[in-house]
Every structure is written in structure tokens, then in C-alpha cells.
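S.K.: Got a structure here, written out as C-alpha cells. Questions coming.
Residue numbers (my numbering), protein chains in the order written: chain Z, 1 to 118; chain W, 1001 to 1108.
In C-alpha cells, the structure reads:
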């Protein structure tokens, strides 16, 4: 199946700093990638939909100036958490929707990035 | 709006069969997915239903009734490694919306 990677797998940063998380589709092109956040013992919550070459679409309640998303190529999307605070500590997971040539209904998930803000 | 309900926790015995139910209300319907998620890891795809009926894949089966807004995931011959959270997710007119997950504990 399709493989999605994320980097870093975990990061600890100080309050007020910014953190960038990369999401890559390794063996397929993804025109659409999704960013989810998951707090302990809760389900995945969609933060934003990232389309290659255009602005991301953010879900209600997600600050677009705080969570900067860039989808510059068909295999790479980045999420930057700006001025991170302890309440941003969470598990961030990206997923990529497969484009032509494969089953288009599947979203493949990256392994996730554990962010801890101290 | 969109709403997906599934039980919070279930416990079953090794070797047994367990059924995890999911009910949903969404704007539009373009498929229902089941994912398995172990603690600290990302979800992994288990099954996809877009038409009514049962889809079988090894020890796992998933059922869908669109008219009832209902699905279930059936796990047979339970193994200890099946202890995980099972997420029901629905694609309406939006990207996948996830339920809160059912935490399954398999005991000896």
C-alpha cells in the first residue's frame, strides 16, 4: 500500500517557539493531504485540508495563523505550529488521499508526530 | 451536522467474537471506514463499505446499512494483539470524520 512518512516522530519544544512537521507521500502523489490532531484518549480531529498549490482549508475553531500549512509539492505538506503553548501538546497526524491510478477512497496515514510544549 | 457514535469501551475474551457498533448521521455519504489504532500510533485501515452489506476480510468483517445509518465491525478468533482502539469514520461531503473510537481489551 501507499506509504506516508512524518518527521519528526516526536519533538519537545519550549513555549513560544515554532515547530515544523513534515508529511511526505513516499510512493505516490497526493494532491490532497489532511492534518489531524489527537489528544489523549480522544479521537482524531481534522484540523485542515491541504491542497497542492493552493491555500489550506481550515476547520472551524482552528487558527490558520497559528497552524501554518504549506503544500508546495505533490509529495510534501508541512504544518508549522507557531508560538507553541503547552495546550498545543498533542499527537499530530497527517494523511494523504491517493490520486489517480489507485483506489481514490482511501486515506493513508502517517505515523504521527508527538509534540510536547514545555 | 455530523455525528458518529460508538461505544467507548468493550472487553472480550481471547478466541471469542466481538461486534463493535457504529451509528452515524452525516451530510451526504461517500463511504464508511474502520480503522485500528494502537496507543501512540497512527490509525491503520481495516475496511471500507459504501454499499449495504457485509465485507469480509480474514478475521475482520464490516457491515453497513445506509438506510439505518449503521455499521458494525466484527472481529473473530480474537487475539491479544487485537487490543486497540477501533475508529469508525464516515466520509460525507467532507473529508473523513471520525468517531471517538472504541477501546477493545482482549483478556485471556
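Cβ atoms here follow ideal geometry from the backbone N, Cα and C, with glycine treated the same way.
All values derive from a computational prediction rather than experimental measurement.
(1) Which residues in chain Z have a C-beta closer than 9 Å to the C-beta of residue 998 of chain W? List them in chain order.
(2) So residue 11 of chain Z and residue 115 of chain Z are in contact, right, with Cβ under 8 Å, and what is the actual spacing, rounded?
(3) When Cβ atoms are compared, which residues of the stretch 1021–1043 of chain W fall closer than 9 Å to chain Z?
(4) Report whether the distance from the Cβ of residue 92 of chain Z to the nearest heavy atom of the ligand SAH is below 7 Å.
(5) Once DSSP output is grouped into helix, strand and coil, what is the label at residue 1057 of chain W?
(6) For a cutoff of 8 Å on Cβ pairs, would you count residue 1102 of chain W as touching chain Z?
(7) Who are the near neighbours of residue 1085 of chain W in its chain, counting only those whose CB is closer than 7 Å to its CB and skipping five residues on each side?
(8) At the 8 Å Cβ level, is residue 1007 of chain W part of the contact set with chain Z, yes or no?
(9) Could you compute how far the alpha carbon of residue 1096 of chain W sits from the alpha carbon of residue 69 of chain Z?
(10) To which residues of the same chain is residue 1062 of chain W closer than 6 Å at the C-beta, ignoring the five residues directly before and after it?
(11) Counting contacts by CB-CB distance shorter than 8 Å, is residue 1098 of chain W in contact with chain Z?
(12) On the DSSP bridge list, what partners appear for residue 46 of chain Z?
M.R.: For this structure:
(1) Limits of chain W in this structure are 1001 at one end and 1108 at the other, which puts residue 998 of chain W out of reach.
(2) Here residue 11 of chain Z corresponds to residue number 11 of the first chain, with the count starting at 1. Here residue 115 of chain Z corresponds to residue number 115 of the first chain, with the count starting at 1. With a Cβ gap of about 6 Å, residue 11 of chain Z and residue 115 of chain Z count as contacting.
(3) 1030, 1031, 1033, 1035, 1037, 1040, 1041, 1042, 1043
(4) The ligand SAH is not among the ligands present in this structure, which contains no ligands whatsoever.
(5) Here residue 1057 of chain W refers to the residue found at position 57 of the second chain. Reduced to three states, the DSSP call for residue 1057 of chain W is strand.
(6) Against the second chain, residue 1102 of chain W aligns to sequence position 102. Output row for residue 1102 of chain W: interface = no.
(7) What you label residue 1085 of chain W is simply residue 85 of the second chain in a count that begins at 1. Correct list, in chain order: 1037, 1101, 1102, 1103.
(8) The residue given as residue 1007 of chain W occupies position 7 in the second chain. Closer than 8 Å: no.
(9) The count along the second chain starts at 1 and reaches residue 1096 of chain W at position 96. The count along the first chain starts at 1 and reaches residue 69 of chain Z at position 69. So the two alpha carbons sit approximately 19 Å from each other.
(10) Position 62 of the second chain holds residue 1062 of chain W. For residue 1062 of chain W, where only same-chain residues beyond five positions count, the Cβ hits under 6 Å are 1034, 1047, 1049, 1055, 1073.
(11) Translated into the one-based positions of the second chain, residue 1098 of chain W becomes position 98. At least one chain Z Cβ lies under 8 Å of residue 1098 of chain W.
(12) Locating residue 46 of chain Z in the first chain gives position 46, counting from the first residue. BP columns for residue 46 of chain Z point to Z:36.
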